[in-house]
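Protein sequences appear in the order of chains A and B.
The numbering used here numbers the first residue of the first sequence as 1 and each following residue consecutively.
The numbering used here numbers the first residue of the second sequence as 101 and each following residue consecutively.
Even glycine gets a Cβ: it sits at the ideal position worked out from N, Cα and C.
2 protein chains.
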Amino acid sequence: MEIADWRDKIDSLDEQIVQMLNERAAAAIAIGEIKRQNSAPIYEPNRENTVYEHIRAVNPGPLSGAQVQDIYERVIDVMRALQRPRD
Amino acid sequence: MEIADWRDKIDSLDEQIVQMLNERAAAAIAIGEIKRQNSAPIYEPNRENTVYEHIRAVNPGPLSGAQVQDIYERVIDVMRALQRPRD
Chain A
1 MEIADWRDKI
11 DSLDEQIVQM
21 LNERAAAAIA
31 IGEIKRQNSA
41 PIYEPNRENT
51 VYEHIRAVNP
61 GPLSGAQVQD
71 IYERVIDVMR
81 ALQRPRD
Chain B
101 MEIADWRDKI
111 DSLDEQIVQM
121 LNERAAAAIA
131 IGEIKRQNSA
141 PIYEPNRENT
151 VYEHIRAVNP
161 GPLSGAQVQD
171 IYERVIDVMR
181 ALQRPRD
């Protein structure tokens with residue numbers, strides 16, 4: 001395969017990854033609404049650690065555990081911002 | 101749906117996202133090998149901008165274009181590190 005073929009594959013993966021990140025965001029927004037109704041805190045470090053443990057446990061490689069966590073720390077930052085109430 | 105149900109959905113999405121990030125990483129490594137054989141540069145800002153334009157174009161929301169790009173800047177950082185030669 002040439003570089004152009006690999007890039008086509010990457011573009012196709014990116015479309016699926018973006019789709020699933022948005023499904024994840026919709027779920028995070030739904031959880032934020034429930035938390036707001038219950039006056040529960042948005043920031044839950046235990047849940048965030050559970051997410052990191054889970055993605056490291058299911059990570060098949062070639063990315064290292066540290067690398068998937070590095071990506072997910074950004075994912076979690078963005079998702080947490082989505083859960084904050086908008087004025 | 102309760103918080104636990106949404107979290108089950110998130111865990112399932114995370115497994116798929118991690119799988120696809122690793123497929124993307126395998127493709128990036130393959131491109132890195134081809135670049136090395138051709139003595140081509142690893143850092144290609146034009147390609148990176150094309151990736152950002154693509155993910156913004158296919159982004160269905162609720163994430164904003166800025167938010168998906170924010171996540172992808174971390175993805176690209178990790179992928180670029182994978183393409184660097186290891187000693």
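Where residue i meets chain B, residues with beta-carbon distance less than 9 Å
i: residue 15 (chain A); result: 154, 155, 158
i: residue 37 (chain A); result: In chain order: nothing, as chain B lies at least about 11 Å away.
Proximity winner among the options, relative to residue i (alpha-carbon distances)
i: residue 16 (chain A); options: B:107, B:146, B:155; result: B:155
i: residue 62 (chain A); options: B:134, B:125, B:107; result: B:125
i: residue 43 (chain A); options: A:5, A:11, A:3, A:77; result: A:77
i: residue 67 (chain A); options: B:170, B:174, B:166; result: B:174
i: residue 106 (chain B); options: A:29, A:41, A:50, A:5; result: A:29
Local Cβ density within 10 Å of residue i, reported as buried at 16 or more and exposed below that
i: residue 1 (chain A); result: exposed
i: residue 114 (chain B); result: buried
i: residue 122 (chain B); result: buried
Supposed contact pair residue j and residue i - C-beta distance, whole angstroms, cut 8 Å
i: residue 58 (chain A); j: residue 118 (chain B); result: 6 Å
i: residue 10 (chain A); j: residue 181 (chain B); result: Actually they do not touch by this definition, with Cβ atoms about 16 Å apart.
i: residue 134 (chain B); j: residue 34 (chain A); result: Contact doesn't hold; Cβ gap of about 48 Å is too wide.
Partners in chain A for residue i, counting only beta-carbon separations shorter than 7 Å
i: residue 167 (chain B); result: 78
Under 8 Å by beta carbon: chain A residues contacting residue i
i: residue 149 (chain B); result: Near residue 149 (chain B) there are no residues of chain A at all, since even the closest Cβ is about 13 Å away, more than 8 Å.
i: residue 162 (chain B); result: 22, 25, 26, 29, 82
i: residue 142 (chain B); result: Result: empty, since nearest Cβ-Cβ is about 12 Å, beyond 8 Å.
Chain B residues whose Cβ lies nearer than 7 Å to that of residue i
i: residue 71 (chain A); result: 121, 174, 175, 178
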